[in-house]
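To start, the structure itself, in structure tokens.
Structure (structure tokens):
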């Protein structure tokens, strides 16, 4: 039974599966970084839809029109998580670029540390 | 001032991290003094936390509240709460002590290997950030802060892994970053699942809710969180990233990396003991199985390695396996005597692990400092050049493989004599692991230290590095000869804190 | 207390004499089995005396301090083991150390051999050192299973302090196990007997000395008093490992049977213990070394890690099953 | 002195005994000849009667062990191939197994 409210969760599952598939099967480092970012967005979507209440307003008490409010904590969490995600992806991209400069390849199968 | 020690112990290194970059402009000497002073101050705060816990028992600290001990003014916790008990205070103390030692060691080390200047500034701030992350993970009482600090340690340590700016160090850093991003996202996913049911993020409050109804979704969340943390601490079968990282990270940071995976062990046991304690039998067996697997795989993969640091990294996977063996048995036999004994062995092994493997990595760093090499087959005959280094190595070797009368033996003895009650095969695996561990390090000793005298250029090892290594060695001997010191003073409060989930919930609710 | 201190002084020295005595007996028995007359009983003692008057050469390239300290460490550690073992009488250091400690202390003399070999900078010695280490890794597995199985049997029968050696030697393990457990225990006892020649480095497991291939291996560069100390350590180790096997599997005493009391009881038990030790060594070391040849090093690993491990795991399973029934 | 309920261990008593035994062993040791007369070639490492041409390097340690465990190590080498995709694969496998175990049991 897919209602409008559970639609985001379906999207989350699809996004997570997509990103995992990319991480498992894509050899290009940039694509793996993209997969990480997609997964981060999926988790953010998950958090934000947890706090959503149908017909709710923004959780600001001052001048509030009354009625249901969406939960404030997930929004704070998501904001933090977005920032962290950006930092992580930026760092990963910089590693990938430096790695490309040294190894001359983007292929994860050409890695040298093994055994 | 001192009542805010739990917050300050995290905040101070965080502040010092960013300030050290600015202060670095004034000169490297001033910066070193600044970093050293701030580490010393943090260390004093950590010591104070331990003393406070001994007096007051478990207590909570609410960030930003008027009355810091009042965690839940409305019946449920509203702010970020730090919980200080025997275990978290011990972990905080260990993290700061190791960082302090590593910083003293690293001054001359980094000067030689990276040339000081701007990069030394970066090094200092990253190390302090790393420390702040570990402390945060150790002291936090809620899940989301845990996630934030986890990311903080990941980002700062990944930058440290790439510190030498070689191709292979970027490779290790890239792998590490992918792994830690996945790890953090799975953790966050699990946290979200719990939040969706209870609307809470505080661990103790969630545990309190879970006593009444433990749902299917909780089980999924438990699995996600536990596997994420297992990835973080590098248990088999998700240990591969760890060897790459330890091989490429500067030796002084490798010591901290060991501590950070021990913090991971702490987080794992905190979650399993204090939050999901109703599943303890099952999770305990899971940890025990993965721990024994880690021992076997870690030690057997260490044997054929050709790089000194990579080899010690595999050995550290096995040592983490021992800790998991002890803690898992403690979980599976939660109400029995042998469970408590095994848990104390595991917690004691956390301390020993940091000391023994820490010493090993420091020695590997000293060898690298002196010769510029870490490949085992390229070295040889160092004992002719530096007897002190080889004596240190022998001490570390015997301690890691648990030969009496060193500290590793005590914790392993405690574990063998308790985990066999759960299943005798576990003790057999432990004993086998420790003889294989011995052969790993005998191989290193034979090929790096013995043989005909070393011919190449051998740089004299500076006093600051030797001193730190000897401090580690003396602590190893001290804890070996007087295990009661650690067992009574540090381990037993920690064990009580882990087992007393009622008290843990009580300070919040 | 005074008695204990006295014993602590006498036992290690007595261990050396017993070890040398058995070395003499071993050589005579082996010679008889091969149709020779063999040396006199005191020959090992004479060997030691002769070694002591020889020059003590330290090779140029050797790491001197390590090279000369390792024989010392080997003998000291192996003599210390005797203090923790029940030699017919309760262990001298009862309550200060247990079975696991003995297991780990038994590693030290072999480790000293290995390090000494590596330190002597001879290619033969380092090959010998590697082989010794590989051998150690190999036999430790079945040995650990044997030790833990006995402890587990005691634990499941409700005993306390099951790793204490006086408890182990005070309990008759064969009476505790059920029928399947009995079979399991027998298998494990066999494995233990199989471990002893490996632990002592006797044929077929003398891969680390192997005179004909690697010229004495670890001992290639040792001479004089250093070699004498290794020789003594080897003699004492035989007593120690056999005493461990006796304490685990043949813990019977005679003083009760003959109704002895006073000072005669421990003396009789001690002599009976020596008899058992000599028997165990005869079966597992002397006979085996006469009738077999040396194994290749990679065979040593598989010989220990295949059949004894499978068998002793089987034995452990049988014991565990036996206690469940 | 620690006691685990199943056994006990006292490092200090051990040290005292070791100290005493060391004295005994030192006495035995001192009965022997201390040094040796320096002569040509005497302290040279033995090498089948000839001069040791190749200086000693410890290489290929534990050959026998790896030879006997060849199949295990072959399998392990394939597992540790250093490809980041496979690291993720192991993690996904772990998550699946853990979820399965936790839910089913």
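Protein chains in written order, with the working numbering: chain S, 1 to 115; chain A, 1 to 509; chain X, 1 to 325; chain Z, 1 to 105. Note that CB positions come from ideal geometry on N, CA and C, so glycine has one too.
Could you tell me the alpha carbon to alpha carbon distance between residue i and residue j, rounded to whole angstroms?
i	j	result
residue 2 (chain X)	residue 5 (chain Z)	27 Å
residue 93 (chain X)	residue 83 (chain Z)	54 Å
residue 2 (chain A)	residue 97 (chain Z)	46 Å
residue 87 (chain A)	residue 80 (chain A)	19 Å
residue 73 (chain Z)	residue 134 (chain X)	16 Å
residue 154 (chain A)	residue 172 (chain A)	13 Å
residue 9 (chain A)	residue 66 (chain X)	45 Å
residue 491 (chain A)	residue 80 (chain X)	30 Å
residue 340 (chain X)	residue 19 (chain X)	The question about residue 340 (chain X) has no answer here: the residues shown for chain X are numbered 1 through 325.
residue 101 (chain A)	residue 468 (chain A)	6 Å
residue 34 (chain Z)	residue 56 (chain X)	6 Å
residue 91 (chain X)	residue 357 (chain A)	35 Å
residue 270 (chain A)	residue 501 (chain A)	9 Å
residue 51 (chain S)	residue 75 (chain S)	7 Å
residue 395 (chain A)	residue 483 (chain A)	16 Å
residue 10 (chain S)	residue 70 (chain S)	20 Å
residue 292 (chain X)	residue 202 (chain X)	10 Å
residue 542 (chain A)	residue 436 (chain A)	The question about residue 542 (chain A) has no answer, for chain A in this structure spans 1 to 509.
residue 20 (chain Z)	residue 6 (chain X)	12 Å
residue 151 (chain X)	residue 112 (chain S)	47 Å
Relative to the ligand SAM, is the shortest distance from any of its heavy atoms to the C-beta of residue i smaller than 7 Å?
i	result
residue 255 (chain X)	Judged by which ligands are present, the structure shown has none, so any question about the ligand SAM falls away.
Pick from the options: whose alpha carbon is nearest that of residue i?
i	options	result
residue 9 (chain Z)	A:195, A:504, A:495, A:481	A:481
residue 69 (chain X)	X:156, X:130, X:161, X:228	X:228
residue 84 (chain A)	A:52, A:102, A:77	A:52
residue 25 (chain Z)	X:18, X:35, X:12, X:19	X:12
residue 5 (chain A)	A:45, A:23, A:19	A:45
residue 302 (chain A)	A:160, A:56, A:451, A:442	A:442
residue 142 (chain X)	X:322, X:324, X:321, X:304	X:304
residue 30 (chain A)	A:380, A:121, A:245	A:121
residue 279 (chain X)	X:196, X:223, X:164	X:196
residue 219 (chain X)	X:121, X:140, X:125	X:125
residue 64 (chain A)	A:73, A:56, A:58	A:73
residue 175 (chain X)	X:319, X:112, X:123, X:262	X:319
residue 159 (chain A)	S:106, S:85, S:114, S:92	S:92
Please list, in chain order, all residues of the same chain as residue i whose beta carbon is under 8 Å from its beta carbon, the five residues on each side excluded.
i	result
residue 107 (chain A)	32, 464
residue 416 (chain A)	427, 430, 431
residue 137 (chain X)	301
residue 159 (chain X)	167, 171
residue 1 (chain S)	Caution applies to residue 1 (chain S), whose pLDDT of 47 falls short of 50 and renders its modelled position unreliable; the value that the coordinates give is listed next. No residues qualify anywhere along the chain.
residue 30 (chain X)	38, 286, 289, 290
residue 376 (chain A)	305, 306, 307, 308, 311, 443, 444, 447, 448
Could you tell me which residues DSSP pairs with residue i in its beta bridges?
i	result
residue 2 (chain Z)	Z:9
residue 60 (chain A)	A:83
residue 269 (chain X)	DSSP, once it has assigned bridges, lists no residue as partnering residue 269 (chain X).
Whose C-beta lies closer than 6 Å to the C-beta of residue i among residues of the same chain, with five residues either side of it excluded?
i	result
residue 281 (chain A)	332
residue 186 (chain A)	224, 228
residue 266 (chain X)	89
residue 268 (chain X)	254, 255, 260
residue 12 (chain S)	42, 45, 46
residue 245 (chain X)	192, 280
residue 14 (chain A)	132
Who are the near neighbours of residue i in its chain, counting only those whose CB is closer than 7 Å to its CB and skipping five residues on each side?
i	result
residue 27 (chain X)	38, 39, 43
Please list the partners that residue i has in chain B, where partner means a Cβ-to-Cβ separation under 8 Å.
i	result
residue 73 (chain Z)	In the structure shown, chain B does not exist; the protein chains are S, A, X and Z.
How about the region 83-97 of chain X and the region 405-412 of chain A: do they share at least three Cβ pairs that are nearer than 8 Å?
no
Say whether the region 308-324 of chain X touches the region 189-198 of chain X, bearing in mind that this needs 3 or more beta-carbon pairs closer than 8 Å, one atom from each stretch.
Output reads yes: the region 189-198 of chain X touches the region 308-324 of chain X.
Report yes or no: do the region 392-400 of chain A and the region 284-291 of chain A share at least 3 C-beta pairs separated by less than 8 Å?
no
Between the region 123-135 of chain A and the region 247-262 of chain A, do three or more beta carbon pairs fall short of 8 Å?
yes
Can you find at least 3 beta carbon pairs, one from the region 306-325 of chain A and one from the region 346-357 of chain A, that sit closer than 8 Å?
Contact between the region 306-325 of chain A and the region 346-357 of chain A is present, with at least three C-beta pairs closer than 8 Å.
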